């Protein structure tokens, strides 16, 4: 497992986009060998999609031999509804690149037999040779796709009833009216994503800091479905500084030292500034410096140290 920490959302988005670009290029897809990419919706991946569009327009990347599988779709929402995930993907990504429509796969929330639609989606993934890289995002409660707290960590694509927290969070996309938010969705399962050869999860913003803490520092727990990816052999968490505020200082320093800022390991890791590098200190920071910060960083949260350094 890797945790890549960037200063800001824009940097995290660019890192993720470069990583996807490099993986596709290294794979060298062609008519007999498509690159299969799992994709999320929501506000978090928008910056990444914008950079990927930029790479395509600059001639640095082609999606001609890429197949995509999206994570989820609302049940009962017309495909052309502005808040359907079909509309989201086409408006924000697909129509701006050279991907063939038949190579994009999004669950049909209006299918006559919803479970049959889910089963067929799993078969399409298998027929494509499995997913090479699955990109995902999470909610503040740690759910990935619509695998809400309590979901099975070996689940497959299925119909799910949405938790009230998710409905409340998504109401902003429906004029703030809860009655307009769909209450059911089709979603890939945690097990479906775990089957991918590599998983990259984007986590940005202070409102998701506790979920990142649960995903990284605590054990696997079905109440925080993102935690399952601790057990995946190739998981990359990409986050901004705000998302690390609930992590311990030692955790942040360790992963910053391991990861680096550039895709493929290029660039120097952006570590927490060392105490000795400061020209002026709050008295408590001086005390910690004198007492050897390393003794205490396992207990200190990253947000505590960040606060002290900005006093």
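Residue numbers (my numbering): 5 to 315. Just so you know, even glycine gets a beta-carbon here, dropped at the ideal spot from N, CA and C. Note that the structure is predicted; figures quoted are calculated from it, not measured.
Of the candidates 150, 83, 97, the residue whose Cα lies closest to the Cα of residue 115 is 83. Taking C-beta atoms under 8 Å as the contact rule, residue 208 and residue 247 qualify, at a distance of about 6 Å.
Residue range 50-61 is occupied by the alpha helix (DSSP H) that includes residue 61. Distance between residue 79 and residue 61, taken at the CA atoms: about 34 Å. The beta-carbon distance between residue 136 and residue 31, rounded to whole angstroms, is 7 Å. This is short enough to meet the 8 Å contact definition. Distances from the alpha-carbon of residue 133 to those of 158, 47, 36 put 36 closest. Residue 47 sits exposed, since fewer than 16 C-beta atoms from the chains shown fall within 10 Å of its C-beta. Counting other Cβ atoms within 10 Å of its Cβ, residue 238 stays below 16 and is therefore classed as exposed. In the same chain as residue 164, and ignoring 5 residues on each side of it, the C-beta atoms closer than 6 Å to its own belong to 150, 189, 191, in chain order. Short of 6 Å from the beta carbon of residue 18, and not among the five residues preceding or following it, lie these beta carbons of its own chain, in chain order: 55.
About 15 Å separates the CB atoms of residue 224 and residue 142; that is not less than 8 Å, and the two are not in contact. In the DSSP assignment, residue 241 is bridged to 7, 205. In the structure shown, residue 39 adopts extended strand secondary structure according to DSSP, grouped into three states.
By the Cβ rule, the stretch 119-127 does not count as touching the stretch 89-105, because fewer than three pairs are nearer than 8 Å.
For the 9 Å CB-CB criterion, residue 110 and residue 77 form a contact.
Annotated three-state conformation of residue 168 is helix, per DSSP.
In the DSSP assignment, residue 23 falls within the alpha helix (DSSP H) that extends over 13-31.
Under DSSP, residue 162 forms a beta bridge with 191. Each of 92, 72, 73 was checked against the Cα of residue 81, and the nearest Cα belongs to 92. At the C-beta level, residue 59 and residue 50 stay beyond 9 Å of one another.
Judged by beta-carbon spacing, residue 228 lies beyond the 9 Å limit of residue 221, meaning their Cβ atoms are not closer than that value.
When beta bridges are read from the DSSP output, residue 141 appears opposite 206.
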